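Down below is the structure, laid out as structure tokens.
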């Protein structure tokens with residue numbers, strides 16, 4: 044059963060940057076459409092960004108121009124570079140497949156606050 048492990052979160056001031064990482068031992072990221080999702084306190088989990096097999100990417104309007112999703116095929120890793128962070132980006136961030144998401148990992152907490 045696939046198990047996602049997210050890391051790289053933390054506390055950052057508005058305008059700051061973070062880079063999230065995702066690893067999974069039982070899935071080849073380059074063979075699947077992969078996405079980042081987030082869940083803010085009191086809200087439903089939402090889709091943030093995705094990268095498909097061809098490498099094409101898509102972003103939620105709220106993060107477009109600030110976040111960049113990428114993958115390293117050699118390391119079988121997925122990343123989310125987050126720049127110009129805002130308080131509304133505060134959430135637990137998760138990675139998962141885009142089509143038919145599997146079990147969710149623990150996620151990584153991102154807190155944007157001064």
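Numbering (my numbering), first residue to last: 44 to 157.
We treat Cβ as the ideally placed atom computed from N, Cα and C, and that holds for glycine.
Everything numeric in this text was worked out from a predicted model, so none of it was measured.
Enclosing beta strand (DSSP E) for residue i [first to last residue]
i, result
"residue 113", "110-115"
"residue 54", "53-55"
Pick from the options that is closest to residue i, judged by C-alpha positions
i, options, result
"residue 91", "85, 97, 57 and 102", "102"
"residue 155", "133, 115, 61 and 141", "133"
"residue 137", "58, 62 and 56", "62"
"residue 144", "80, 122, 97 and 104", "80"
Per DSSP, cross-strand counterpart(s) of residue i
i, result
"residue 45", "Residue 45 pairs with nothing; no bridge assigned."
"residue 155", "55"
Contact check, residue i vs residue j, beta carbons under 7 Å
i, j, result
"residue 135", "residue 148", "no"
"residue 126", "residue 64", "no"
"residue 66", "residue 117", "no"
"residue 78", "residue 153", "no"
Item checked: Length-filtered (3 minimum) beta strand (DSSP E) runs lying within the segment 60-102 -> 61-67, 77-82, 89-94 and 100-102
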